[in-house]
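Before any comments, here is the structure.
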Amino acid sequence: MSQLLDGIRQNNFLVIGRAGMDFFPHPPGTKTEEATEFRSGLGGSAANTAAGICRFGGRADLVTCVSDDSIGRYCTNQLDHYGVGRKHVRPVGGEFRNSLAVYESRVAEHQTVIYRNGAADFEMNIEDVEALDYSAYGALITAGTVFAAEPSRAAAFRAFELARAAGLPIIFDIDYRPYSWPSPQVAEEVLSKAGSLSDMIVGNDEEFGFMAGDIAKGEAKAQELAQTTASMVIYKMGEKGAVTYMGDDVIPTGIYKVEALKPTGAGDSFMAGLMAALAAGHDLQDAIHRGSACAAIVVGKPGCAPALPDLEELNAFLKTHPGPSGA
Numbered sequence: 005m006s007q008l009l010d011g012i013r014q015n016n017f018l019v020i021g022r023a024g025m026d027f028f029p030h031p032p033g034t035k036t037e038e039a040t041e042f043r044s045g046l047g048g049s050a051a052n053t054a055a056g057i058c059r060f061g062g063r064a065d066l067v068t069c070v071s072d073d074s075i076g077r078y079c080t081n082q083l084d085h086y087g088v089g090r091k092h093v094r095p096v097g098g099e100f101r102n103s104l105a106v107y108e109s110r111v112a113e114h115q116t117v118i119y120r121n122g123a124a125d126f127e128m129n130i131e132d133v134e135a136l137d138y139s140a141y142g143a144l145i146t147a148g149t150v151f152a153a154e155p156s157r158a159a160a161f162r163a164f165e166l167a168r169a170a171g172l173p174i175i176f177d178i179d180y181r182p183y184s185w186p187s188p189q190v191a192e193e194v195l196s197k198a199g200s201l202s203d204m205i206v207g208n209d210e211e212f213g214f215m216a217g218d219i220a221k222g223e224a225k226a227q228e229l230a231q232t233t234a235s236m237v238i239y240k241m242g243e244k245g246a247v248t249y250m251g252d253d254v255i256p257t258g259i260y261k262v263e264a265l266k267p268t269g270a271g272d273s274f275m276a277g278l279m280a281a282l283a284a285g286h287d288l289q290d291a292i293h294r295g296s297a298c299a300a301i302v303v304g305k306p307g308c309a310p311a312l313p314d315l316e317e318l319n320a321f322l323k324t325h326p327g328p329s330g331a
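Residue 248 in this note's numbering is what sits at position 244 of the sequence shown, and the numbering runs on without skipping anything.
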């Protein structure tokens with residue numbers, strides 16, 4: 005546990021995973037098929053997490069591939085906008101394309117359409133991750149989507165090996181997206197392997213249940229990981245809050261109830277807020293509450309990266325909202 009927290013407190017993260025482009029109909033509440041105007045923003049779970057960390061004053065370098073075209077350049081320009089380091093972002097040519105997410109700013113009958121065919125980020129390879137100086141960072145963060153296809157999968161596991169050799173703790177957001185995987189069986193095997201190599205694991209009840217082979221066994225799987233290979237496991241349960249396991253210790257936490265505009269972006273904002281709070285020296289329970297507040301802020305505004313709070317906005321939210329409930 006001390007190695008995990010010491011790494012996070014350096015507030016300098018190596019983040020591995022995709023940067024994409026988001027489209028959302030405007031104004032909020034508009035159905036995609038009825039839209040005449042769209043807004044754009046940075047997307048991709050890893051890029052969003054990195055952007056959120058930077059919004060709080062931390063440092064984050066992203067490792068991924070983007071398409072060598074105007075959409076890929078849009079993504080790198082957006083990374084610059086948020087202050088995310090992109091010296092390890094490699095453009096790839098040919099028919100590979102950046103991922104595109106089209107989602108609506110509404111909760112009732114919400115629709116999200118993801119375009120991931122021939123995804124450029126899956127072209128990240130072993131040479132990309134072997135070129136990194138892991139000793140320059142405090143911790144490695146990644147999400148499950150990097151493991152969904154080759155050569156990205158092998159590269160991500162190689163990055164885990166090199167991070168461990170350099171003494172970096174590994175922080176893993178399960179982030180299971182069925183559309184990216186060749187089969188549920190492959191996903192279960194690969195994500196379970198990644199979880200067994202991680203120091204900190206964050207996922208929701210369905211994701212842990214998926215790793216366990218049965219949603220009813222998800223919580224037991226989270227507990228097992230905390231008692232065997234991981235220093236910390238955060239088991240998220242939506243409106244019921246979250247439970248954090250550290251060995252035999254159990255910390256339940258609630259959520260901030262807000263009027264949600266959309267369901268997307270909460271997990272990335274939670275991770276960014278949690279990392280920023282731990283890096284700033286907040287105790288674990290308070291850090292989880294601050295991550296939950298970040299998630300609540302993001303679901304209340306259009307966009308994912310554009311909705312990420314900074315420290316001033318987060319503190320203002322905490323002053324005007326009652327303590328979290330649930331759990």
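Note that CB positions come from ideal geometry on N, CA and C, so glycine has one too. Model, not experiment: these values are computed from the prediction.
When you compare the CB positions of residue i and residue j, do they come within less than 7 Å of one another, or not?
{"i": "Leu-18", "j": "Tyr-141", "result": "yes"}
{"i": "Ile-301", "j": "Phe-321", "result": "yes"}
{"i": "Lys-1", "j": "Ser-71", "result": "With the chain running from 5 to 331 in the structure shown, residue 1 is simply not present."}
{"i": "Ser-235", "j": "Leu-83", "result": "no"}
{"i": "Tyr-107", "j": "Phe-28", "result": "yes"}
{"i": "Ala-170", "j": "Phe-126", "result": "no"}
{"i": "Ala-50", "j": "Val-96", "result": "no"}
{"i": "Asp-314", "j": "Arg-59", "result": "yes"}
{"i": "Thr-257", "j": "Ile-292", "result": "yes"}
{"i": "Thr-149", "j": "Ser-184", "result": "yes"}
{"i": "Val-133", "j": "Arg-162", "result": "yes"}
{"i": "Met-241", "j": "Asp-290", "result": "no"}
In terms of DSSP beta bridges, what is residue i paired with?
{"i": "Val-254", "result": "Tyr-249"}
{"i": "Gly-45", "result": "Asp-26"}
{"i": "Asp-65", "result": "Leu-18, Gly-89"}
{"i": "Phe-176", "result": "Thr-146, Ile-205"}
{"i": "Leu-104", "result": "Met-25, Tyr-119"}
{"i": "Lys-221", "result": "Answer by DSSP bridge pairing: none, since Lys-221 is not bridged."}
{"i": "Lys-240", "result": "Asn-208, Ala-246"}
{"i": "Ser-71", "result": "Val-96"}
Quick check: the Cα distance between residue i and residue j, rounded to an integer number of angstroms?
{"i": "Arg-294", "j": "Gly-98", "result": "42 Å"}
{"i": "Gly-307", "j": "Pro-31", "result": "12 Å"}
{"i": "Ala-160", "j": "Met-128", "result": "9 Å"}
{"i": "Ala-331", "j": "Ala-191", "result": "Because the pLDDT of Ala-331 is 49, which lies under 50, any placement of that residue in the model is unreliable, and the number read from its coordinates should be weighed accordingly. Answer to the nearest angstrom: the Cα atoms are 29 Å apart."}
{"i": "Ala-246", "j": "Leu-288", "result": "13 Å"}
{"i": "Phe-164", "j": "Ser-196", "result": "14 Å"}
{"i": "Gly-269", "j": "Ala-281", "result": "18 Å"}
{"i": "Asp-65", "j": "Ile-174", "result": "15 Å"}
{"i": "Ile-12", "j": "Ala-55", "result": "16 Å"}
{"i": "Ser-74", "j": "Thr-80", "result": "10 Å"}
{"i": "Leu-312", "j": "Tyr-239", "result": "22 Å"}
{"i": "Thr-34", "j": "Thr-40", "result": "9 Å"}
{"i": "His-114", "j": "Asp-252", "result": "39 Å"}
{"i": "Leu-278", "j": "Thr-233", "result": "21 Å"}
{"i": "Lys-225", "j": "Ala-276", "result": "24 Å"}
{"i": "Leu-136", "j": "Gly-89", "result": "13 Å"}
{"i": "Asp-218", "j": "Gly-48", "result": "27 Å"}
{"i": "Phe-214", "j": "Lys-221", "result": "9 Å"}
{"i": "Glu-223", "j": "Lys-244", "result": "13 Å"}
{"i": "Gln-227", "j": "Arg-77", "result": "42 Å"}
{"i": "Met-250", "j": "Gln-189", "result": "28 Å"}
{"i": "Ala-216", "j": "Gln-231", "result": "15 Å"}
{"i": "Lys-261", "j": "Phe-151", "result": "33 Å"}
{"i": "Leu-144", "j": "Ala-299", "result": "21 Å"}
{"i": "Ala-284", "j": "Val-237", "result": "20 Å"}
Between residue i and residue j, how many whole angstroms is the CB-CB distance? I'm expecting something under 8 Å.
{"i": "Gly-304", "j": "Ala-264", "result": "6 Å"}
{"i": "Tyr-138", "j": "Ala-167", "result": "5 Å"}
{"i": "Arg-63", "j": "Asn-121", "result": "Between Asn-121 and Arg-63 the Cβ distance is about 33 Å, and since that is not below 8 Å, they are no contact."}
{"i": "Tyr-86", "j": "Ala-297", "result": "Tyr-86 to Ala-297, Cβ: 20 Å. No contact."}
{"i": "Leu-229", "j": "Gly-199", "result": "6 Å"}
{"i": "Val-111", "j": "His-92", "result": "Not a contact, Cβ separation roughly 36 Å."}
{"i": "Pro-155", "j": "Ile-118", "result": "No, Pro-155 and Ile-118 are not in contact; Cβ-Cβ is about 21 Å, not under 8 Å."}
{"i": "Asp-272", "j": "Thr-53", "result": "5 Å"}
{"i": "Ile-259", "j": "Thr-248", "result": "The Cβ separation is near 14 Å, so there is no contact."}
Any beta carbon of chain D sitting closer than 7 Å to that of residue i?
{"i": "Met-241", "result": "The displayed structure is made up of one protein chain only, and chain D is not part of it."}
Using a Cβ distance threshold of 8 Å, determine whether the stretch 205-217 contacts the stretch 176-185, with at least three qualifying pairs required. A contact exists between the stretch 205-217 and the stretch 176-185.
Are there three or more Cβ pairs, one per stretch, closer than 8 Å when the stretch 5-25 is compared with the stretch 97-113? yes
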